[in-house]
């Protein structure tokens, strides 16, 4: 019996020892690869994921009038790509997991994770934490705006409080559903995020890691959004603020016009690098092997000594033009980020719209002098009226900002102002048209989102 | 000193004999000594005293004393017992007789060697019978021929021969004791089966749970390299699943159905007391003694949270105490047929060329043609040049080629698997051992692929402190090497990679041949891809080596009677290297170097971002497991009560560390690489086309650690061997990441009861002398350590963004309510056996209710997550297992049959998140489980045939419709047809074994019933994307009126996905999968023992597997387990097995 007692005693001792160490034992992380992000550098790593963070939707580029594809290519394209090309009422067919929607909300999710993590962080007030907060807010605003311009009506101050917005998810929990709210609320949120980020982001544009925003970039984005909302006064203010921080232009005479990749991803006009998602490759990818050709109407707009023709476009064996790669270096898909040339154009447009004809045309010439062959003397543009100036500026906007994912939204905006632009395509002998202000300018919300969250669909 | 003692004793002997004169008269047969001594007391008043330990007073003699002197009576009575006596006063003292030197000598020389054989009533040898020398601690066991041998036995010794289930036999020792016959204890001829759950071993009678035991004979029945495959077709309640459902996530083995949705669905493997997480290929089947499959909560709750899918307990061979060294060996070779590449239907070359012509005319290749480099099908190259005078003859040549002819000739062969194993086992009084070595050499049916394995094992058991302390040590080593080539995937059915003389030809796979030939104007490496050259030189061979050690130590101490304490420790270490050398000469390397090569158009300077040299991809993984267990066992029986208790705690860690890297510019001779010269951050444009990328750094370590901590208690009480109650409880905790401590663990318990009805006094069935009922209830569990309650991110050295800085990804959204999966089990069973065991078997009914299952849920994309994994589903599975063993014939011709029948009915009972559209359900029901139907279900669209234009028609809102998008997007499940389960609902085997003289023939018929599969047919979408492996191309609708004779829709260009899917997922393509196959045949011959043959039990066998399908429900001659692909080939094995 004595030995039993001894043994029981011993075993209790062993179990006791094991048990007191047990919590340490079981707190071991099951994989070295996983992290529960908590440090500032953990959050920086998340924002640094430019594959997730620095992209935007491609439907607007696929639907725009920049490009044309032959019927044979049309036939092998995906359902959504085909429908986008002919502005079909049913856009997605049987396709789900539409990146134009999903990828943007993934960015919102990442940004919210970072914002919540920073709020809980011990060093939330540090310079680095403030920088990361500004970055995350910028990223969230970029995503919200991309969703808004694709899936909502063009902004109209008179109806924005009734028009549908987008679900504004401001926390990372996945256990709740947000309804669409109004368009005004969406824009309010975007402005709120960007205004905060403007105050805490570093002033200077970065020279290398251009996936990261700066104050220059935040103002540039605000300028783009305000212009899109037709709030030209605000747009001009923001454009000024951005240009006051950084206004370098590239002289296209220094660009190798035969190169397939004329620009590097750290080029001097680039303020913040975003690219279109790698979808709709037949219509939106820009390289020589693509069957997509630039609309001859667009090509015809360039004068022979306009360097943009050879810099932007390559001549295909069939004598037509394809779009070469743009401001994101090797990227096969359109550059959709922010660059100084766009700000010059915004500034010029705003000036023209408030009747500053000469200032507007001067601003435009500041840009264009860098776009024309210097071996031939550049003849500055002239305008005798603000209307003429505006139309010249808008024409140059069309020629400068090609394949930047902006054309579709310009069409939406300008038609709203009575530009009365009708898009037409002829495919396999069938003519397709998209009248101004048509409901098809607004993309339907993907069917899986509607099915799973029950939010309201757009009329199309 | 000894001599002195001897002299004194001798003196006593001599002097003691003359001093008394009392006489006795006593005549009686079979009288015990105690009766005799009583008679002496009565008649002479002499007391006889003896030491109980020295004299067995119950020994009987035939007394025939007529007025015999007492000394004569005593001498007679004690004769042969090694005893003597002294008489003092009125007392006779019986003492141990000390032998004289002379007597010792005589005894030594007179000792004999006894040998003999033991047989049962049926004259068959009885192996394992104990032959005990009476009064001495000397015994042996009969071998498998029933033979035994004992040395140095006194001529007057008495042997007791006993064997379980037989009446013991007592016999006087004799040099030759041939054919000792034992008689059966009536109706009880049965070995006591011991059930091991890995923690304890209990006699089967004392178990309440559900289990199957597979003994060595059944394990050795088949010939496979891996151990688990030997369970196929011989174990009740277990199914080897079909490749069709394995492709969609079903585990290869399923015990009592599936009890998880997206969690780990594999049963827990326990090898010699401890969970085994290594590669199962490391275990040599020849080292395995037995396998026990634990199916219900009672047995499995012993293994806690990882037991939800059942437990397979593997016990390896051990030596035996007191047995001479025994050498066993076996060798076998299995030869497999060449795989049948023609099994799956596909478009003929000619038909496919017509399709390509059509696509060419439609402009489908225009984009590829225009880019200047994309590979074009050979037929398209011909179409591009219609003015070629040989246009037709070139096309006609292609029409007659079939790439499978060449593939079969050059890339495939008969597989040859060789297996050898030898072992030595035995033991002394205090030690037993088992040593084994095995070697396997497999040549796979794919040319160049091979597998070699060496196994070594040593196991020792020592007994100390009068057998109170038992120390077992085991060491297992396994080393294997696998070589796998890359094979060749053809793009066109008429591709040719060799000419008639066997010379290699280039084929276009990535690049157009004309481009590959001219690109770079000689400044690039050869850019042709020649599959046959790759094969002949074994380029890109993946060379994987695996080394695995496993050390087991256990100490067992008997503290007092019934109470044992044990400490067990297990250490396992495995290392695997998987290296692929892409030689500079291989297409892989040449292509990669060329792709990154930059040639300055102005200067002609060539720059190689990727250095010229081999590319060596190395992957190393280290596995380390440690288990410790402390356990107390208490086994006690008193009167009619018996109690078995055990309690213990266990700690376990399983660690995997992986590292991989890729060496560019590698020199296979010097081992040097040029990675230092590679810029992994720069994005380089490809030589052709518009692509660009950074050079893949492909490196980075990753480590995972699973930790468990458990306490358990297990108790069984039995009363009068009639009523048995059992209870077990276990608490498991793991390092589940990010949950609070109280969610890290799960308590699991089970209770069971068994009732041996045949032991009841009211039970008097002569026909069914054995009848036992048993029932268990309890909970098992499952855990997924990859999930976390926290939001987790992942990053490693490969996560570099386009600006060259590191980034991370979110891998797991937060899930604060994450918890363990739990499975409620109910099990009822009957075990029975008829008189003489002619019919025996068991019937079991079971039910498993799985709760809190981790489910994949689609979630609104606005959350930023498109798929969410969490505790979201329940399932209910019910089933029945029947096993019947019947002895059809006894005697010279023996015939026995085993029938296994299993029934399973499973359904998902809750799946919280509403799921996708009807197309998602028909195409992938398993990722969109529907409440009320099995997890693996076949659903289909209702088909309304073809309309006048050859378009398929379905139903929408009850009406015939061609609105394909609406049919596909509909969420009205009533518009779908539920065809049935995709996994068998009834299945089993019929195993017949016929023995005649030394021949034994056995064959196994397996059947699988009550399930469905989808037959492959013409896929419009895939056909126009370059796939041609379908049936029914020739049956498609082509002309008006065809709709009356065919169901195959007309092809449309461009193909419409929803239209294609309506047909492919329609009910007309769903077939019954039911089938019966002749799984295997085994014929063996055992050589009778002959003096000239040095072998014992020499057994020769031949074994054929996958003999053929005897019946199938579908009329298309499709093997329902292989609706596409290459079905399993028939193999034939020859082998021998023997003991020396």
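Protein chains in written order, with the working numbering: chain A, 130 to 589; chain B, 51 to 1190. Built from N, CA and C at the ideal position, the CB exists for glycine as well. Everything numeric in this text was worked out from a predicted model, so none of it was measured.
Just checking my contact of residue i with residue j at CB under 8 Å: how many whole Å lie between their CB atoms?
i	j	result
residue 663 of chain B	residue 589 of chain B	Not confirmed; about 14 Å, so no contact.
residue 196 of chain B	residue 220 of chain B	Rounded, the Cβ-Cβ distance is 18 Å, inconsistent with contact.
residue 347 of chain A	residue 267 of chain A	6 Å
residue 582 of chain B	residue 460 of chain B	6 Å
Could you tell me if residue i is buried or exposed, where buried requires 16 or more neighbouring beta carbons within 10 angstroms of its beta carbon?
i	result
residue 550 of chain A	exposed
residue 817 of chain B	exposed
residue 516 of chain A	exposed
residue 783 of chain B	buried
residue 439 of chain B	exposed
residue 124 of chain B	buried
residue 217 of chain B	exposed
residue 990 of chain B	buried
Determine whether the Cβ of residue i lies closer than 8 Å to any Cβ atom of chain B.
i	result
residue 222 of chain A	yes
residue 403 of chain A	no
residue 383 of chain A	no
residue 268 of chain A	no
residue 145 of chain A	Confidence is the limiting factor: at residue 145 of chain A the pLDDT is only 49, short of 50, which leaves the residue's position unreliable and the question unanswerable from this model.
residue 446 of chain A	yes
residue 296 of chain A	yes
residue 468 of chain A	no
residue 171 of chain A	yes
residue 376 of chain A	no
residue 177 of chain A	yes
residue 230 of chain A	yes
residue 408 of chain A	no
residue 157 of chain A	yes
Less than 8 Å between the beta carbons of residue i and residue j, yes or no?
i	j	result
residue 475 of chain B	residue 483 of chain B	yes
residue 764 of chain B	residue 312 of chain B	no
residue 430 of chain A	residue 545 of chain A	no
Taking 8 Å as the CB-CB limit, is residue i close to chain A?
i	result
residue 1099 of chain B	no
residue 989 of chain B	no
residue 694 of chain B	no
residue 560 of chain B	no
residue 436 of chain B	no
Taking 7 Å as the cut-off, is the beta-carbon of residue i closer than that to any non-hydrogen atom of the ligand HEM?
i	result
residue 923 of chain B	The model on display carries no ligand, and the ligand HEM is accordingly not part of it.
Are there three or more Cβ pairs, one per stretch, closer than 8 Å when the segment 648 to 659 of chain B is compared with the segment 623 to 635 of chain B? no
I'd like to know if the segment 465 to 474 of chain A and the segment 392 to 402 of chain A are in contact, where contact means that at least 3 CB-CB pairs between them fall below 8 Å. yes
Could you say if the segment 524 to 537 of chain A and the segment 184 to 193 of chain A meet the contact criterion of at least three C-beta pairs nearer than 8 Å? yes
Do three or more CB pairs link the segment 234 to 248 of chain A to the segment 582 to 589 of chain A at distances below 8 Å? no
Three or more beta-carbon pairs under 8 Å between the segment 695 to 712 of chain B and the segment 750 to 766 of chain B, yes or no? yes
Is the segment 1031 to 1039 of chain B in contact with the segment 941 to 957 of chain B, if contact means three or more CB pairs nearer than 8 Å? yes
Are three or more beta carbon pairs between the segment 504 to 521 of chain A and the segment 150 to 169 of chain A nearer than 8 Å? no
Taking Cβ-Cβ distances below 7 Å as the criterion, which residues of the segment 895 to 914 of chain B are in contact with chain E? Among the protein chains in the structure shown, which are A and B, there is no chain E.
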